[in-house]
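Chemist: Residue numbers (this note's numbering), protein chains in the order written: chain A, 3 to 216; chain B, 3 to 216.
Ideal Cβ placement from N, Cα and C applies to all residues, glycine included.
Here the structure is a predicted model, which is why all the values come from computation and not from measurement.
(1) Let's see if you can read the secondary structure: which residues bound the beta strand (DSSP E) around residue 58 (chain A)?
(2) Just confirm the distance between the C-beta atoms of residue 32 (chain A) and residue 30 (chain B), as a whole number of angstroms; I'd bet it's less than 8 Å.
(3) Identify the contact partners of residue 16 (chain B) in chain A, using a Cβ-Cβ distance below 9 Å as the criterion.
(4) Can you list the residues of chain E that residue 77 (chain A) reaches, using a CB-CB cut of under 8 Å?
(5) Could you confirm whether any beta carbon from chain B is found closer than 8 Å to the beta carbon of residue 216 (chain A)?
(6) For residue 32 (chain A), does the three-state DSSP call read helix, strand or coil?
(7) Does residue 2 (chain B) come out as helix, strand or coil in the three-state DSSP assignment?
(8) Looking only at DSSP bridge pairs, what is residue 7 (chain B) linked to?
(9) Quick check on the burial criterion: 16 or more other C-beta atoms within 10 angstroms. Buried or exposed for residue 4 (chain A)?
(10) For chain A, find out if any of its Cβ atoms is closer than 8 Å to the Cβ of residue 174 (chain B); answer yes or no.
(11) Given this structure, state the Cα-to-Cα distance separating residue 172 (chain A) from residue 182 (chain A), to the nearest angstrom.
(12) Residue 74 (chain A) versus chain B: which residues are under 8 Å apart at the beta carbon?
(13) From the DSSP output, which residues share a beta bridge with residue 1 (chain B)?
(14) Is it the case that the stretch 176–190 of chain A contacts the stretch 149–164 of chain A, given that we only count it when at least three CB pairs across the two stretches are under 8 Å?
(15) Just to make sure I have the definition right: I need the residues of chain B whose C-beta is within less than 7 Å of the C-beta of residue 154 (chain A). Which are they?
(16) What's the gap between the Cα of residue 127 (chain B) and the Cα of residue 51 (chain A)?
(17) Under 7 Å Cβ to Cβ from residue 34 (chain A), same chain only, skipping five residues before and after it: list those, please.
(18) Going by C-alpha to C-alpha distance, which of A:142, A:117 and A:144 sits closest to residue 131 (chain A)?
(19) Alpha carbon to alpha carbon, how far is residue 10 (chain A) from residue 60 (chain B)?
(20) Report whether the distance from the Cβ of residue 111 (chain B) to the nearest heavy atom of the ligand SAM is below 7 Å.
(21) With DSSP as the reference, identify every bridge partner of residue 147 (chain A), one or two as the case may be.
(22) Relative to the alpha-carbon of residue 28 (chain A), which residue among B:121, B:68, B:140 and B:120 has its alpha-carbon at the smallest distance?
(23) DSSP has residue 48 (chain B) in a bridge; who is on the other side?
(24) Does any residue of chain A bring its CB to less than 8 Å from the CB of residue 131 (chain B)?
(25) Let's see if you can read the secondary structure: which residues bound the alpha helix (DSSP H) around residue 80 (chain A)?
The following block contains the structure:
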């Protein structure tokens, strides 16, 4: 039994149902916390599910900022400092990571409030999350306003990556299952993962092989 | 044991290691196939792991197109027709979905070549993937060139959603585990998911509750 939802349905005022539904339909999302710091040295940490791969060479990551109709601490601090951190979320810190999405008062660090630990590394001005097993320091390189709804795509170049050695496969891929990496569904769902397949490079003349079967 | 990778490492020519590594570090990615159609009525289908949530009201989804230095059929057809489909990938069609990432000749439909079925619905000009249990018809509304590396963010408004009734929870969230939804890691890894938590709305004064524990 199929449900068909079309334009007429979302001309109605936004409610929790449509918010949850339309936050789900992109598919599973990355689970990251964005670390920033203000000009008084107070750190800030916020959950983002919109971090997206932009390029590998140079390594670029994007993320979607919500409209600036209210104060956005993460955006403000990234603009001022020009640097920020991206910290992966694992099963062991899921509740703490979700908690960083609450609206904490300015001047209060979500690190302390949510039970996560600041970690400054190699002179980078913004703290990483100590508990995160894959974390990056980035420099803001581009800001693209999205006219359709007032959101903003921020693009950053990766300057540092810290990752647990055992997590990196010989081919360069991250072994996500080994670090209990999470995926986010909608606004509230957190999912653990199990590797189903690792496919050979796809060519037109033959179906890809699942390398896990060999 | 930590591995620290910094700017010096990616000034080297790009190889498979860095390509896989930097395609992994955004975290787990959505698994979707983009359906398009050319002016001769030949359909096209291509795997994308960069579909990202842009907004819920109106419902907007983004995706990253690679640089137009070579022919990009998906991009060309979206521009010409103004409409495209996004079709979720499930465990049962993982190998076929990955196969659509191969470079097939122009004029050949990846639907037939990879064993997936075209489905035209409600007068929409572009086919959906019959085997997909969550699929959408979109209208291109915005195109943002990313200067840093020549990629392009395409933004589309969702005009139609088709989803299996049992998949939609009462609160509007999609029950991803029930449709064997996949997440992608890097360029070759496909992951099934299990729901770990569904958290209550985060408020500053108390840790979020896992509603699955109640």
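Modeler: In terms of the structure at hand:
(1) 54–58
(2) So it is a contact: roughly 6 Å between Cβ atoms.
(3) 58 and 59
(4) Among the protein chains in the structure shown, which are A and B, there is no chain E.
(5) no
(6) strand
(7) Nothing can be reported for residue 2 (chain B): it is not among the residues displayed for chain B, which extend from 3 to 216.
(8) A:163
(9) Classification for residue 4 (chain A): exposed.
(10) yes
(11) 19 Å
(12) Under the 8 Å cutoff, chain B gives no residues; its nearest Cβ is about 15 Å from residue 74 (chain A).
(13) Any property of residue 1 (chain B) remains undetermined from this structure, which presents chain B solely from 3 to 216.
(14) With the rule of 3 Cβ pairs closer than 8 Å, the stretch 149–164 of chain A does not count as touching the stretch 176–190 of chain A.
(15) By Cβ distance, chain B contributes nothing, its closest Cβ being about 10 Å from residue 154 (chain A), past 7 Å.
(16) 31 Å
(17) 50, 53, 88, 89, 90 and 91
(18) A:117
(19) 11 Å
(20) Because no ligand of any kind appears in the structure shown, any question about the ligand SAM cannot be addressed here.
(21) A:154, per the DSSP bridge assignment.
(22) B:140
(23) B:36
(24) no
(25) 75–83
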